[in-house]
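Only one structure is covered here, and it is reproduced in the block below.
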Amino acid sequence: MTAKSKRSALGFGVVVAALFGCVLGAAWAEEPPEPSTSEVVAAIKRRAQQILEARKAARRLRFSGEVSQLLGYESNPSNGTEHVGDTYVEHSLYLAASKKVTPTVTWQGTYSGSYDNYFEYGDGDYMSHTLTPTKLIWQPGRMWRVDAGVDLNITYYPKAGASNYREFKPSVGVRQNLWGRWFHSVRYEWFIRDYISKKARDGSGNETEVNRVDDRSRVRYEVGTTWNDTLLKVRQEWYWHDSNDERTDFYDAEDYKVTASLNRSLTKKLSIAPSYSFERKNYSKRTVTGISSEARYDDTHTWTLAGTYEFNQTWSLNPSLSYKWLDSNEPTGEYIDTTISGTVTARF
Amino acid sequence: MGMRWLGVVMAVVLGTPWGAGASVWAAGSADEAPHAHQMEAAAVVTEDAVLKEQIAKVDEALATIHEQMAVRRQALQQAMTEGQKASLYAELDGLRKEHDLLERLLHELLDEARATEWTAIDAALARVKSYERVQERATRREEALRDRKE
Chain A
66 MTAKSKRSAL GFGVVVAALF GCVLGAAWAE EPPEPSTSEV VAAIKRRAQQ ILEARKAARR
126 LRFSGEVSQL LGYESNPSNG TEHVGDTYVE HSLYLAASKK VTPTVTWQGT YSGSYDNYFE
186 YGDGDYMSHT LTPTKLIWQP GRMWRVDAGV DLNITYYPKA GASNYREFKP SVGVRQNLWG
246 RWFHSVRYEW FIRDYISKKA RDGSGNETEV NRVDDRSRVR YEVGTTWNDT LLKVRQEWYW
306 HDSNDERTDF YDAEDYKVTA SLNRSLTKKL SIAPSYSFER KNYSKRTVTG ISSEARYDDT
366 HTWTLAGTYE FNQTWSLNPS LSYKWLDSNE PTGEYIDTTI SGTVTARF
Chain B
36 MGMRWLGVVM AVVLGTPWGA GASVWAAGSA DEAPHAHQME AAAVVTEDAV LKEQIAKVDE
96 ALATIHEQMA VRRQALQQAM TEGQKASLYA ELDGLRKEHD LLERLLHELL DEARATEWTA
156 IDAALARVKS YERVQERATR REEALRDRKE
């Protein structure tokens, strides 16, 4: 046997021995021991305990909120015949607390505040605070959603203090889900608005001792459907306004408004929302200038194109462009108003 | 599922004690209907991701307990001494108690999921809530300007 063939045989032998060793090792290697019953039960108990703790946590009080900053330009904020545009800002805050009272009933309390400030058109400045101390939401199953709550609002005009008011607004809404992707809902709201310093006037225009109180009611009926990341809704509203200010009967009206809106997700972060609304206001006691018998009516058309861009779970941007025009049988009341704005929102 | 049918086939074709034992194990498992809770869990649809995860975890835990009980039952067939049998019966008893507790928890979770079942329309409306708050403020601004004039 040559040296070369001896080396080859030796190398071959080493390889075979190594392979044999691996096979023996694998045969002798113990399979990981099966967990004992007590270990299995202990692991399952720990998981069940975690789930029970998570369910308790879910029933605790939850807090959430949003802070928003808007910058906009409006071509005709006074809604007059002379178009004087102005830039405005809006600072707003939304806070919500909620707690599951039962598996199907949730209590919710919210605060919503905003301050609008025009750079030039000071008459348009106002501050509004709305507290909803109680809203109960009942979800008994897949079909019905019922909610009822009370809003307390105070609105303050820095440059028109006489118009400041407090408002009490109870509301109730019922939604019925149909076939998984459709719904229709009805909501009734009753507003009782108490002016803080403005007195009610009699028919001659003289101030009485009683503060002005406005009584308003609104019914909203909405139908909607969703498909492929798209939500389509059509809403109809009926609105009645009455006041103890007999001079203000001039402003009493019946109002009907219909709004069609679409919201479609284009990507995971971007969605667009075009909408159109038509509003008909029939004044009960106001007549057209120069015509003693014809009651005035106003038709307001509004086109809006808005969007949402979600930067992440916290930050989002909402640009919006709206074009509004009012047609009327009272030519002096007609106007056009265009608004462009951008809102940045932080959620927490 | 595959092992169960394999046991039945072996019992019939081979007629061996192992095959017979496997078929007894298979029959015992079928009586327990171990997948009934999984079918019930799968039938409930909820958009609540946390609730969904909890149902899945409890369901998985129940499946694990069923497997462990099946192993103990099989071992019981082969147990030689009374001491071994007593130990296995005690383990089976413990597993059965945990099974009952978890099944009660699963039914509670399923009841909660059924009570708050979301449809696609609920998810769609929830998605646009923040945007609708922005739009409501715009509507409120118009009303506030109009109300100030009146």
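For the record, the sequence lines run as chains A and B. Heads up, the first sequence is in this note's numbering, so the first residue is 66 and it goes up one at a time. Heads up, the second sequence is in this note's numbering, so the first residue is 36 and it goes up one at a time. Just so you know, even glycine gets a beta-carbon here, dropped at the ideal spot from N, CA and C.
Next on the checklist: Looking at the secondary structure, which residues open and close the beta strand (DSSP E) in which T295 (chain A) lies?
Outcome noted: Note, T295 (chain A): beta strand (DSSP E), T295 to S308.
Next on the checklist: Quick check on L123 (chain B): does DSSP put it in helix, strand or coil?
Outcome noted: DSSP places L123 (chain B) in helix when its eight states are reduced to three.
Checklist entry - DSSP state of Y166 (chain B), grouped into three classes? => result Correct three-state label for Y166 (chain B): helix.
Checklist entry - Which residues share a DSSP beta bridge with M104 (chain B)? => result Answer by DSSP bridge pairing: none, since M104 (chain B) is not bridged.
Next on the checklist: Helix, strand or coil, according to DSSP, for K87 (chain B) in the structure here?
Outcome noted: DSSP places K87 (chain B) in the helix class (H, G or I) of the three-state scheme.
Checklist entry - Buried or exposed: where does T291 (chain A) fall if 16 or more other Cβ atoms within 10 Å of its Cβ makes it buried? => result Its Cβ being crowded by 16 or more others within 10 Å, T291 (chain A) is buried.
Checklist entry - Is L180 (chain B) closer than 8 Å to G187 (chain A) when the C-beta atoms are compared? => result No; because the gap between Cβ atoms is not below 8 Å, this pair is not in contact.
Checklist entry - If we call anything under 8 Å between Cβ atoms a contact, is I219 (chain A) one with H249 (chain A)? => result Contact check for I219 (chain A) against H249 (chain A) fails: the beta carbons are separated by 8 Å or more.
Next on the checklist: Suppose the cutoff is 8 Å on Cβ atoms and the five residues either side in sequence are ignored; what does the same chain contact list for R175 (chain B) look like?
Outcome noted: Counting only residues of its own chain and dropping the five nearest sequence neighbours on each side, R175 (chain B) has no CB closer than 8 Å to any other CB.
Checklist entry - Which whole-angstrom value is the C-beta distance of A213 (chain A) and L201 (chain A), which I expect to be below 8 Å? => result Approximately 6 Å separates the beta-carbon atoms of A213 (chain A) and L201 (chain A); this is inside 8 Å, confirming the contact.
Next on the checklist: Is there a Cβ of chain A sitting closer than 8 Å to that of L145 (chain B), yes or no?
Outcome noted: The Cβ of L145 (chain B) sits no closer than 8 Å to any Cβ of chain A.
Item to check | For T290 (chain A), the residue or residues it bridges with in DSSP | outcome: Note: T290 (chain A) sits in a beta bridge opposite A:W247 and A:L297.
Checklist entry - Looking at C-alpha atoms only, which residue of B:Q109, B:K87 and B:E171 is the closest neighbour of E126 (chain B)? => result B:Q109 is the residue among B:Q109, B:K87 and B:E171 whose C-alpha sits nearest the C-alpha of E126 (chain B).
Item to check | Selection from A:S228, A:T273, A:R329 and A:L297 that minimises the alpha carbon distance to R258 (chain A) | outcome: That would be A:S228, whose Cα lies nearest to the Cα of R258 (chain A).
Checklist entry - Who does Y46 (chain A) pair with in a DSSP beta bridge? => result Outside the displayed span of chain A (66 to 413) sits residue 46 (chain A), for which this structure offers no information.
Next on the checklist: For the stretch 193 to 211 of chain A, list every residue whose C-beta sits within 8 Å of some C-beta in chain B, in sequence order.
Outcome noted: Only those residues of the stretch 193 to 211 of chain A whose C-beta falls short of 8 Å from the nearest C-beta of chain B are listed: S193, Q204, P205, G206, R207 and R210.
Checklist entry - Would P223 (chain A) count as contacting chain B if we go by Cβ distances under 8 Å? => result So, not an interface residue.
Next on the checklist: Buried or exposed for V284 (chain A), going by 16 or more other Cβ atoms inside 10 Å?
Outcome noted: Residue environment: V284 (chain A) is assigned as exposed (fewer than 16 neighbouring CB atoms within 10 Å of its CB, all protein chains considered).
Checklist entry - Taking 8 Å as the CB-CB cut-off, is T403 (chain A) touching chain B? => result T403 (chain A) does not count as touching chain B.
Item to check | Per-residue burial, N383 (chain A) [other beta carbons within 10 Å of its own, 16 or more giving buried] | outcome: Taking every protein chain shown into account, the CB of N383 (chain A) has 16 or more other CB atoms within 10 angstroms, so this residue is buried.
Checklist entry - Among residues of its own chain, excluding the 5 on either side of R210 (chain A), which ones have a beta-carbon nearer than 6 Å to its beta-carbon? => result For R210 (chain A), the CB contacts under 6 Å within the same chain, skipping 5 residues up- and downstream, are Q204 and R240 in chain order.
Item to check | Spatial distance of Y374 (chain A) from S129 (chain A) (CA atoms) | outcome: Between the alpha carbons of Y374 (chain A) and S129 (chain A) lies a distance of about 20 Å.
Next on the checklist: Which residues in chain B have a C-beta closer than 9 Å to the C-beta of E131 (chain A)? List them in chain order.
Outcome noted: Scanning chain B for C-beta atoms nearer than 9 Å to the C-beta of E131 (chain A) yields S165 and R168, reported in chain order.
Next on the checklist: For the structure I just gave you, are there three or more beta carbon pairs, one from the stretch 332 to 348 of chain A and one from the stretch 359 to 371 of chain A, closer than 8 Å?
Outcome noted: The stretch 332 to 348 of chain A vs the stretch 359 to 371 of chain A: in contact.
Checklist entry - Is there at least one Cβ from chain A nearer than 8 Å to K92 (chain B)'s Cβ? => result At a cut-off of 8 Å, the C-beta of K92 (chain B) has a neighbouring C-beta in chain A.
Checklist entry - By a C-beta neighbour count over all protein chains shown, 10 Å radius and 16 as the cutoff for buried, is H366 (chain A) buried or exposed? => result Classification of H366 (chain A): exposed, given that the 10 Å Cβ count is below 16.
Checklist entry - Is the shortest distance between the beta-carbon of R172 (chain B) and the beta-carbons of chain A less than 8 Å? => result When Cβ-Cβ separations below 8 Å define contact, R172 (chain B) makes contact with chain A.
Next on the checklist: At a CB distance below 7 Å, what residues from the stretch 93 to 104 of chain B approach chain A? Give them in sequence order.
Outcome noted: Within the stretch 93 to 104 of chain B, the residues whose Cβ lies closer than 7 Å to some Cβ of chain A are V93, A96, T99, I100 and Q103, listed in chain order.
Next on the checklist: Would R329 (chain A) and D280 (chain A) be called neighbours here (beta carbons separated by less than 8 Å)?
Outcome noted: No; because the gap between Cβ atoms is not below 8 Å, this pair is not in contact.
Checklist entry - From E178 (chain B) to R111 (chain A), what distance separates their C-alpha atoms? => result Cα-Cα distance, rounded: 56 Å.
Checklist entry - On the three-state DSSP scale, how would you describe V396 (chain A)? => result Correcting the residue identity first, residue 396 (chain A) is Pro in this sequence and not Val. Here P396 (chain A) sits in helix by DSSP.
Next on the checklist: Taking a contact to mean a Cβ-Cβ separation below 8 Å, would you say L141 (chain B) touches D94 (chain B) in this structure?
Outcome noted: For L141 (chain B) and D94 (chain B), yes; Cβs fall inside 8 Å.
Checklist entry - Which whole-angstrom value describes the C-beta separation of K322 (chain A) and E344 (chain A), a residue pair presumed to lie in contact below a C-beta threshold of 8 Å? => result Between E344 (chain A) and K322 (chain A) the Cβ distance is about 4 Å, and since that is below 8 Å, they are a contact.
Checklist entry - If you draw a straight line from the C-alpha of G407 (chain A) to the C-alpha of W380 (chain A), how long is it? => result Near 13 Å, if we compare the C-alpha coordinates of W380 (chain A) and G407 (chain A).
Next on the checklist: I need the straight-line Cα distance from V299 (chain A) to S262 (chain A), nearest angstrom please.
Outcome noted: Each residue's Cα considered, the two are about 39 Å apart.
Checklist entry - So, is N377 (chain A) buried or exposed, given that buried needs 16 or more other C-beta atoms within 10 angstroms? => result Using a 10 angstroms sphere on the CB of N377 (chain A), the tally of other CB atoms stays under 16, which defines it as exposed.
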